[in-house]
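In this note's numbering, the protein residues as written are 2 to 304.
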């Protein structure tokens with residue numbers, strides 16, 4: 002292979018050297034074809050492990066063979082690694098990327114697919130070690146990524162619902178987006194972007210606590226106890242962080258609007274989280290500036 006590279010990259014080689022390089026290149030091509038034939042069963046065995054719905058084994062064998070050819074080009078015996086071990090890595094990578102690119106109705110970026118696999122490995126390892134499911138903050142810490150990234154990636158593998166899907170009683174599924182006008186959708190999108198931008202002004206833990214407590218940025222709503230268990234804090238400590246974080250965002254009307262419109266799904270009554278929620282929203286209104294309060298009542302008007 003290196004001889005072929007010299008032949009194509011050095012046009013002024015003397016005739017004697019050129020003849021020798023051409024012989025080496027010919028021998029290299031023969032060795033390459035021999036390696037491919039000898040390892041095609043390895044490619045097929047790996048491909049059979051990965052075959053998902055919608056793809057054929059032959060397609061993955063073809064992709065795996067491309068990975069094998071890449072391994073042949075990149076292999077350097079000076080590194081002290083067996084060729085088979087090196088080739089298996091390239092074969093698996095080529096097949097996995099083909100699966101990621103073609104097996105889903107909606108294609109996900111390769112980086113997202115890789116993080117999905119990393120999260121699955123961490124969850125399996127955590128269950129073996131602790132006999133319980135890992136929380137999103139624990140997964141984020143293990144991967145050294147933001148909690149929002151983990152939440153986004155965990156939602157990504159969900160099977161998309163067809164537009165003509167039927168409900169439990171064979172009724173057409175009602176789409177939330179279909180109930181909003183284009184203008185309302187634009188307003189909601191701007192509001193969501195403003196919320197996420199506001200959370201980035203906080204330190205990491207405060208932003209994550211607020212996001213989880215209020216279900217901001219597409220997150221599900223967590224109770225004080227759930228957040229406390231995830232971060233190893235008491236219920237009161239989580240509440241203090243929540244209040245401190247909301248005070249820092251006193252002039253973020255879009256954030257307040259979202260909080261006011263998303264009450265927690267918990268029972269009502271004295272001492273309940275719903276009662277505490279109402280107290281927090283009253284505090285938010287007191288903290289907000291006049292311009293923010295005006296936008297809370299009508300987000301389309303700017304002071």
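Just so it is clear, CB atoms sit at the ideal spot from N, CA and C, and this is done for glycine as well.
Check, Outcome
"Is residue 51 closer than 8 Å to residue 82 when the C-beta atoms are compared?", "no"
"I believe residue 123 touches residue 154 by the beta-carbon criterion, under 8 Å. Please report the beta-carbon distance rounded to the nearest angstrom.", "About 12 Å; that fails the 8 Å criterion."
"Would you tell me roughly how many angstroms separate the C-alpha atoms of residue 14 and residue 29, rounded to the nearest one?", "19 Å"
"Count the other CB atoms within 10 Å of the CB of residue 84; is the residue buried (16 or more) or exposed (fewer)?", "exposed"
"Cα separation between residue 151 and residue 21?", "56 Å"
"What beta strand (DSSP E) runs, 3 residues minimum, are completely inside the region 198-251?", "none"
"If you run the structure through DSSP and keep just helix, strand and coil, what is residue 35?", "helix"
"Can you grab the Cα-Cα spacing for the pair residue 38 / residue 49, in whole Å?", "18 Å"
"Quick one: what's got a C-beta closer than 6 Å to residue 91's C-beta in the same chain, skipping five residues either side?", "68, 71 and 72"
"At the level of alpha carbons, what is the spacing between residue 17 and residue 87?", "35 Å"
"Would you list, in sequence order, the uninterrupted alpha helix (DSSP H) runs of no fewer than 4 residues that lie entirely inside the region 44-95?", "58-75"
"Do you know whose CA, among 227, 209, 230 and 224, lies nearest residue 245's CA?", "209"
"Which same chain residues, not among the five before or five after residue 148, have their C-beta less than 7 Å away from its C-beta?", "137, 138, 141 and 209"
"Apart from the five residues just before and just after residue 119, which ones in its own chain have a Cβ nearer than 7 Å to its Cβ?", "144"
"For residue 211 versus residue 235, is the C-beta distance shorter than 8 Å?", "no"
"Roughly how many angstroms separate the alpha carbons of residue 128 and residue 225, rounded to a whole number?", "24 Å"
"Taking a contact to mean a Cβ-Cβ separation below 8 Å, would you say residue 62 touches residue 45 in this structure?", "yes"
"Is the beta carbon of residue 249 less than 8 Å from the beta carbon of residue 203?", "yes"
"What did DSSP end up calling residue 133 once you bin it into helix, strand or coil?", "coil"
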